[in-house]
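For the sequence shown, my numbering assigns the number 321 to the initial residue and increments by one for each residue that follows. Shown next, in structure tokens, is the structure this report addresses.
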Amino acid sequence: MKIGLLALQGDYEKHSQILSRLDLQTVLVRYPQQLNDVAGLVIPGGESTTMSKLINANGFCQPLVSFAQQFPILGTCAGLIMMGRLQQPDPRIETLDLIDVTVTRNAYGRQLASFVDDLTVEVADHQQTVPGCFIRAPKINTIGSNVEVLARYNNDPVAVRQDRHIGLTFHPELNNVTLFHQLAFRGG
């Protein structure tokens with residue numbers, strides 16, 4: 321199975337390392353037609369206004385929405401912002417509305433307020449503690465009725481799943497956490 325890494329901006333290389341640990345091939349996706357060659361996609365963290373601008377400039381909006389109807393997408397930090405909707409609309413950011421959540425950008429503070437803390441992830445009847453690295457992280461404000469909360473931080477959802485898609489406010493790849501990539505692309 322080949323997994324695409326949206327390689328317009330962000331730390332997609334760390335995601336590649338995580339996917340390699342799961343014996344999954346990766347492809348750097350820089351053009352919409354490359355989505356035809358993959359069976360899953362990671363939208364990495366980065367800066368959401370820049371990411372939105374690059375997605376639009378490279379003609380990715382509709383191809384990503386079409387891709388999401390068939391294949392899983394994992395979005396981290398700015399990737400989650402792109403997959404959800406903004407609580408306060410921003411004309412610089414056009415989101416994809418793939419997961420029924422609203423988010424607020426940089427809700428956990430600026431770069432200097434970044435932190436790592438333990439998160440308890442609940443999947444089916446299993447709990448696992450993993451480190452969550454929050455860097456200028458968005459906050460999930462609301463979730464739709466079809467959205468499953470996988471993890472919370474201070475009672476706020478920080479990991480969600482809707483159908484085949486997973487959105488995270490934090491960066492599991494920076495702490496070598498494979499759980500979410502496994503859930504998204506191995507059905508774990």
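Just so it is clear, CB atoms sit at the ideal spot from N, CA and C, and this is done for glycine as well. Since we're looking at a predicted model, the values are computed, not measured.
P392 and L344 have their C-alpha atoms spaced approximately 14 angstroms apart. Excluding its 5 nearest sequence neighbours in each direction, Y473 has C-beta neighbours in its own chain below 7 angstroms: D437, L439 and G452, listed in chain order. According to DSSP, P364 shares a beta bridge with no other residue. Between the C-alpha atoms of F500 and P411 there is a straight-line separation of about 31 angstroms. Taken through DSSP and simplified to helix, strand or coil, Q353 comes out as helix. Using a Cβ distance threshold of 8 angstroms, V423 and K459 count as a contacting pair. Straight-line spacing of the CA atoms in T369 and V467 works out to 25 angstroms. Counting only runs that start and end inside the region 425–454, the beta strand (DSSP E) elements of at least 3 residues fall at 435–443 and 446–454. T346 carries a strand assignment under DSSP once its states are collapsed to helix, strand and coil. Cβ contact annotation for P492 (same chain, cutoff 6 angstroms, sequence separation greater than five): F500, in chain order.
Non-local beta-carbon contacts of N495 in its own chain, meaning distances under 6 angstroms to residues more than five positions away in sequence, involve P451 and C453 in chain order.
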